[in-house]
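Asker:
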Amino acid sequence: MVGKSNAASIVQTATLELDGQRGSGNLAVELTGICKSFGDTVALSGVDLLVEKGEIHALLGENGAGKSTLMSVLFGIYRADSGTVKLSGREARIRSPKDAAACGIGMVHQHFRLVPSMTALENIVLGQNGGIGAIWRGRGWKRRKAAEIAALCERYKLSFPLDRPVWQLSVGEQQRIEIMKALYRQCDIIVLDEPTAVLTPLEAESLLETLGELKKDGKTVILTTHKLREVMASCDRISVMRKGQLVRTVRASDTNEQQLAEWIMGRGTAGSSLKLERRTAAVGKPLLKLEAITALGDHGELALRGFDLTVRRGEIVGVAGVAGNGQKELAEVIAGSQQRTGGTVMFNGERLHAMTIQGMIKRGVAHVPENRMKSGMAGTLSVADNLLMKSYASPQRSTAGFLRRRANVAWAEEIVERFAVRTPGIGAPVRMLSGGNQQKLLFARELQQRPLLMVAVHPTQGLDVGAAEAVHQWLLKLRSEGSAVLLISEDLDELLKLSDRIVVAYNGVAQSEFDPAEASRTEIGLSMAGSGANGRGGGGR
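Add 513 to a position in the sequence shown, counting from 1, and you land on the number used in the working numbering.
(1) Given this structure, state the Cα-to-Cα distance separating Val970 from Gly949, to the nearest angstrom.
(2) Since Ala541 and Glu565 are thought to touch, with beta carbons under 8 angstroms apart, how far apart are those beta carbons, to the nearest angstrom?
(3) When the Cα atoms are used, what is the spatial distance from Glu770 to Lys729?
(4) Can you tell me the Cα-Cα spacing of Gln840 and Ala1018, whole angstroms?
(5) Considering Cα atoms alone, identify which of Thr738, Thr723 and Lys740 is closest to Lys732.
(6) Do Asp1006 and Arg689 count as a contact pair if the criterion is CB distance below 8 angstroms?
(7) Could you tell me whether the segment 924 to 939 touches the segment 840 to 855, where touching means 3 or more Cβ pairs closer than 8 angstroms?
(8) Per DSSP, what kind of secondary structure is Gly797 in: helix, strand or coil?
(9) Can you tell me the Cα-Cα spacing of Leu696 and Leu665, whole angstroms?
(10) Use the C-beta contact count for Lys887: other C-beta atoms within 10 angstroms, 16 or more gives buried, fewer gives exposed.
(11) Among Ala633, Ala848 and Leu720, whose alpha-carbon lies nearest the alpha-carbon of Val998?
(12) Should Met902 go down as buried or exposed, given a rule of 16 or more other Cβ atoms within 10 Å for buried?
(13) By Cβ distance below 8 angstroms, which residues in the same chain neighbour Asn519 in space, the five residues on each side in sequence not counted?
(14) I need the straight-line Cα distance from Ala816 to Ala1023, nearest angstrom please.
(15) Contact defined as beta carbons within less than 8 angstroms: I believe Val734 pairs with Ile703. What is the distance between those atoms, to the nearest angstrom?
(16) If you follow the beta strand (DSSP E) that Tyr905 is in, where does it begin and where does it stop?
(17) Whole-angstrom Cβ separation of Gly574 and Arg755, contact assumed at under 8 angstroms?
(18) Determine the extent of the alpha helix (DSSP H) in which Val846 is found, giving its start and end residues.
(19) Can you tell me the Cα-Cα spacing of Thr545 and Trp776, whole angstroms?
(20) Buried or exposed for Pro937, please, with buried defined as at least 16 other CB atoms from any protein chain shown within 10 angstroms of its CB.
(21) Run through the segment 904 to 975 for me and flag every whole beta strand (DSSP E) of 3 or more residues, listed as ranges in chain order.
(22) Quick one: what does DSSP say Ala1023 is sitting in, helix, strand or coil?
(23) Among Ala605, Asp977 and Gly940, which one has its Cα closest to the Cα of Met778?
(24) What does the alpha-carbon distance come out to for the pair Glu707 and Trp924?
(25) Give a yes or no on whether the C-beta atoms belonging to Asn899 and Val943 are separated by under 8 angstroms.
(26) Straight-line CA distance for Leu634 to Ser609?
(27) DSSP three-state label for His985, please.
(28) Counting along the chain, where does the alpha helix (DSSP H) carrying Ile1037 start and finish?
(29) May I have the straight-line CA-CA distance separating Val621 from Ala981, to the nearest angstrom?
(30) Assuming contact is defined by CB atoms lying nearer than 8 angstroms, are Cys748 and Ile618 in contact in what I supplied?
(31) Using the Cβ count rule (16 or more neighbours within 10 Å means buried), how would you classify Arg958?
(32) So, with DSSP's three-state summary, where would you put Asn899?
(33) Rounding to the nearest angstrom, what Cα-Cα distance links Thr782 and His739 in this structure?
(34) Could you pull the DSSP bridge partners for Ser595 from this structure?
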């Protein structure tokens, strides 16, 4: 997003190379001259996007490039300030998601919009004429609808139990329900926002197969994602957005991942940053050792069931696993925000009994939590205040209990500049920043503590190529300086790229351990799903 004062110069300087966007006269979606501003911030500046019928079309760009705003205009969440929307050659007035659904557009959001207490079947028919009320009134109607939906599931290779409450289902199953909601409503245009961000490798492959089935059936799919490997494997054409404009559309067969990254980040800026310098580090003594750790989950269930783990200085240990297998509780126990119910913890040669957040910070543990806005930062507080959260009481930041405001302003501005955090100013509320910039700010704060151990949970989920690579460089730098990193991620590519060892968490235990140089994606993916051998090394002991 850019200020209005810069919009004109961007229009003049942007190089629009749209060789892949000539269309065939067989267009499903035609967005022309779409502009959208939020106050003085220009989110979209004259965007033209053509999507052909029956294709899988990827929409790429950095966080804040405007792709989510553009799809929100198409789906009726936002109204464009100017521009036109045409569907199958006819102009459409889409003022709400209800209008979009009536026009045959369905959108699967990254954060699912399901009612957890209702069954899959009830969620699918919710909002339809006679839907949920008819289910509650008659078993015959329910059986007929269940049969219809089951037939659609078989046709599009979507598998999930119809009669179980959504809260009992996996993330992958919930996503299939969202897709089925669009198919049940007879949508011909389906928008998927970061669809594989929280899926296992096997679930991601299954989703790509489903997209292929949708394409065969003449459906049009628009995919927003940061995973370039999946884009190259599944998409027909690719459009790249930058600073609120569409800068290029190409056929997937005419490009590659490296070139896409350069277009996303700006020509000439990506080449060096995308090549991680992963020097061999000297692995030192054990810094963290967990033995038989048990802990409860959010609903009182046993989430950790005897977890064993060792992390040494100078190494990155990756933890792979499907969401809900104890990773969140593992990170919170180490960070001191949750008490274990059993087991022993050794940190830097000290046996720890009661563990608190403040105590672990003092011992040198940094924590980037799973949900940055729920557990990591305060959205209503300023950028500067969020940076001060862990160091406000230090002599550098305060004197006799009073904050050193002038010194803190200069300090915060220097950090924002050094970590390339895009912000209206250090006085702006953190909630105004894009997700990528919030994550960079969170990392900047944690790295200021010069940690001995960094516990990073899904550190690049939803981040663009540039922001993700910056995070990777920071983690590798910690490793090279002799600190340790515990990297908890559901992105197997990320784990294979960064980790010295990969431990698979399954059902609350460290089920398997793999050497990234030797293990295959399939082998690790099977272990994440609870199948396969028990791995090598006994879970890091």
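We treat Cβ as the ideally placed atom computed from N, Cα and C, and that holds for glycine.
Answerer: Answer, in terms of the structure:
(1) Walking along the sequence shown from the start, residue 970 turns up at place 457. Walking along the sequence shown from the start, residue 949 turns up at place 436. For Val970 and Gly949, the distance between alpha carbons rounds to 15 angstroms.
(2) As a working mapping, residue 541 is identified with position 28 in the sequence shown. As a working mapping, residue 565 is identified with position 52 in the sequence shown. Distance from Ala541 to Glu565 at the Cβ level is roughly 6 angstroms; contact confirmed, criterion being Cβ atoms closer than 8 angstroms.
(3) Position 257 of the sequence shown, counted from the start, is the residue given in the question as residue 770. Position 216 of the sequence shown, counted from the start, is the residue given in the question as residue 729. In this structure, the alpha-carbon of Glu770 lies about 25 angstroms from that of Lys729.
(4) Numbered from its first residue, the sequence shown carries residue 840 at position 327. Numbered from its first residue, the sequence shown carries residue 1018 at position 505. Gln840 and Ala1018 have their C-alpha atoms spaced approximately 7 angstroms apart.
(5) Along the sequence shown, read from residue 1 onward, the residue named residue 732 stands at position 219. The shortest Cα separation from Lys732 among Thr738, Thr723 and Lys740 belongs to Thr723.
(6) Here residue 689 refers to the residue found at position 176 of the sequence shown. Here residue 1006 refers to the residue found at position 493 of the sequence shown. It is not a contact, given that the beta carbons lie outside the stated cut-off.
(7) Touching, no.
(8) In the sequence shown, the residue the question calls residue 797 occupies position 284. Of the three classes helix, strand and coil, the one that applies to Gly797 here is coil, per DSSP.
(9) The residue you call residue 696 lines up with position 183 of the sequence shown. The residue you call residue 665 lines up with position 152 of the sequence shown. A straight line joining the alpha-carbon of Leu696 with that of Leu665 spans about 8 angstroms.
(10) Residue numbering aside, residue 887 sits at position 374 when the sequence shown is read from its first letter. Under a 10 Å Cβ-count criterion, Lys887 is classified as exposed, with fewer than 16 other Cβ atoms of the shown protein chains found around its own Cβ.
(11) For the purposes of this step, residue 998 is taken as residue 485 along the sequence shown, with counting starting at 1. Scanning Ala633, Ala848 and Leu720 for the CA closest to the CA of Val998 turns up Ala848.
(12) What you label residue 902 is simply residue 389 of the sequence shown in a count that begins at 1. With fewer than 16 other Cβ atoms from the protein chains shown falling within 10 Å of its own Cβ, Met902 counts as exposed.
(13) As a working mapping, residue 519 is identified with position 6 in the sequence shown. Confidence is the limiting factor: at Asn519 the pLDDT is only 43, short of 50, which leaves the residue's position unreliable and the question unanswerable from this model.
(14) Position 303 of the sequence shown, counting from 1, holds the residue named residue 816. Position 510 of the sequence shown, counting from 1, holds the residue named residue 1023. Using only the alpha carbons, I get a separation of about 12 angstroms.
(15) Sequence index remark: in the sequence shown, residue 734 carries index 221 (1-based). Sequence index remark: in the sequence shown, residue 703 carries index 190 (1-based). That belief holds up - the Cβ atoms of Val734 and Ile703 are roughly 5 angstroms apart, short of 8 angstroms.
(16) Within the sequence shown, numbered from 1, the residue matching residue 905 stands at position 392. Tyr905 -> no beta strand (DSSP E), and no H or E assigned at all.
(17) The count along the sequence shown starts at 1 and reaches residue 574 at position 61. The count along the sequence shown starts at 1 and reaches residue 755 at position 242. Yes, they are in contact, since the Cβ atoms of Gly574 and Arg755 sit about 6 angstroms apart, within 8 angstroms.
(18) Stepping through the sequence shown from its first residue, residue 846 is reached at position 333. Counting along the chain, the alpha helix (DSSP H) containing Val846 begins and ends at Gln840 to Ala848.
(19) Taking the sequence shown and counting its residues from 1, one reaches residue 545 at position 32. Taking the sequence shown and counting its residues from 1, one reaches residue 776 at position 263. Between Thr545 and Trp776, the C-alpha separation is close to 22 angstroms.
(20) For this step, residue 937 is matched to residue 424 along the sequence shown. Looking at its Cβ environment, which holds fewer than 16 other Cβ atoms inside 10 Å, Pro937 is exposed.
(21) 966 to 970, all fully within the segment 904 to 975.
(22) Here residue 1023 refers to the residue found at position 510 when the sequence shown is read from its first residue. The answer is strand: DSSP assigns Ala1023 an E or B state.
(23) Taking the first residue of the sequence shown as position 1, residue 778 is located at position 265. Per the Cα distances, Asp977.
(24) Translated into positions along the sequence shown, residue 707 becomes position 194. Translated into positions along the sequence shown, residue 924 becomes position 411. Computed Cα separation, rounded: 35 angstroms.
(25) Residue numbering aside, residue 899 sits at position 386 when the sequence shown is read from its first letter. Residue numbering aside, residue 943 sits at position 430 when the sequence shown is read from its first letter. Yes, Cβ-Cβ distance for Asn899 and Val943 is below 8 angstroms.
(26) One-based indexing of the sequence shown puts residue 634 at position 121. One-based indexing of the sequence shown puts residue 609 at position 96. Using only the alpha carbons, I get a separation of about 24 angstroms.
(27) Walking along the sequence shown from the start, residue 985 turns up at place 472. When DSSP states are grouped into helix, strand and coil, His985 belongs to the helix group.
(28) One-based indexing of the sequence shown puts residue 1037 at position 524. Note, Ile1037: alpha helix (DSSP H), Arg1034 to Met1041.
(29) The sequence position of residue 621 within the sequence shown is 108, counting from 1. The sequence position of residue 981 within the sequence shown is 468, counting from 1. Using only the alpha carbons, I get a separation of about 23 angstroms.
(30) On the sequence shown, residue 748 is found 235 positions in, with the first residue counted as 1. On the sequence shown, residue 618 is found 105 positions in, with the first residue counted as 1. Contact: no.
(31) One-based indexing of the sequence shown puts residue 958 at position 445. Burial call: buried.
(32) Along the sequence shown, one-based indexing puts residue 899 at 386. It is helical.
(33) Taking the first residue of the sequence shown as position 1, residue 782 is located at position 269. Taking the first residue of the sequence shown as position 1, residue 739 is located at position 226. Because the pLDDT at Thr782 is just 46, under 50, the model does not fix this residue reliably, and the point stays unresolved.
(34) In the sequence shown, counting from the first residue as 1, residue 595 sits at position 82. Residue pairing by DSSP puts Ser595 in a beta bridge opposite Cys548.
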